[in-house]
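Asker: Here the sequence shown stands for residues 393 to 578, numbered as in this note's numbering.
Okay, here's the structure, questions in a sec.
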Amino acid sequence: MKGQLDTRCLPDSDPDWPGVYLKQGEWFVSDGSPAQVRTVLGSCVTVTMYCPRLNIGGITHSLLPFPLPGTPDTANLVGRYVNSSVRHIFGKMSARGVVPRTMEVKIFGGSQMFLPVPGKHENKTLNIGRRNVETALQVIGELGLTVTATDVGGTLGRKVLFFPHRGDVWIKKIQRTLVGKEGKDG
């Protein structure tokens with residue numbers, strides 16, 4: 393079916409593996425068991441981390457780069473922000489014995505979902521996707537990690553399928569469509 397990610401055609405995918413759908417503001421760290429984690433991104437960013445030695449992986453789905461000053465109770469919203477979610481899964485994986493230098497780190501998403509109005513200057517505050525990617529790169533650098541793969545930016549959303557026990561990530565770009573436009577003649 394067009395626009396759908398069909399895992400039946402992916403190598404070594406098993407429909408009996410536990411499946412997790414990661415919503416905005418959520419994160420997941422595996423225990424090494426086979427699993428598949430799905431999410432859909434626009435301007436949001438997903439960071440995956442994987443340790444080949446222990447077959448442990450983690451993934452985020454963050455909406456914003458960081459909380460605005462005065463945002464109440466951000467401790468309960470760790471997954472919502474790039475700066476805290478990346479540090480959070482890094483901490484969870486480190487607690488399970490993952491050595492930072494062995495981590496494979498990948499970044500996905502960060503599309504510009506709000507296109508600039510023709511004839512006007514680009515409003516940089518509306519490009520949340522770019523700011524999310526910049527923040528992810530900054531935090532990953534602060535943690536002493538190296539990014540091994542990216543698929544970021546552009547104007548298309550992405551469907552993501554992550555196998556945390558192998559570190560494999562499959563991406564499918566989502567074409568833009570007009571919502572609510574009727575196909576009437578004349």
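For every residue, glycine included, the Cβ atom is placed at its ideal position computed from N, Cα and C.
DSSP puts M584 in a beta bridge; with which residues?
Answerer: This structure does not reach residue 584, given that the chain is present from 393 up to 578, and the question cannot be answered.
Asker: Would you give the residue range spanned by the alpha helix (DSSP H) that K484 belongs to?
Answerer: Its alpha helix (DSSP H) spans residues V474 to A487.
Asker: Out of G434, S477, R550 and P461, point me to the one whose CA is closest to G450's CA.
Answerer: Nearest of G434, S477, R550 and P461 to G450, Cα basis: S477.
Asker: Can you find the residues in the same chain that come closer than 8 angstroms, C-beta to C-beta, to V432, ignoring five residues on each side of it along the sequence?
Answerer: Counting only Cβ-Cβ distances below 8 angstroms, and skipping sequence neighbours, we find G549, R550, K551, V552 and I566.
Asker: Okay, do the stretch 474-488 and the stretch 433-453 touch, 3+ Cβ pairs below 8 angstroms being the bar?
Answerer: The stretch 474-488, when compared against the stretch 433-453, does touch it at the 8 angstroms Cβ threshold.
Asker: Whose C-alpha, out of K564, G559 and Y442, is nearest the C-alpha of K484?
Answerer: Among K564, G559 and Y442, the Cα nearest to that of K484 is on Y442.
Asker: What does the alpha-carbon distance come out to for the pair G424 and R558?
Answerer: Spanning the two alpha carbons is a distance of roughly 9 angstroms.
Asker: Label R523 either buried or exposed according to how many other C-beta atoms from any shown protein chain fall within 10 Å of its C-beta, with 16 as the threshold for buried.
Answerer: It counts as buried.
Asker: What does the Cβ neighbour count give for G502, buried or exposed, with the cut at 16 atoms within 10 Å?
Answerer: So G502 counts as buried.
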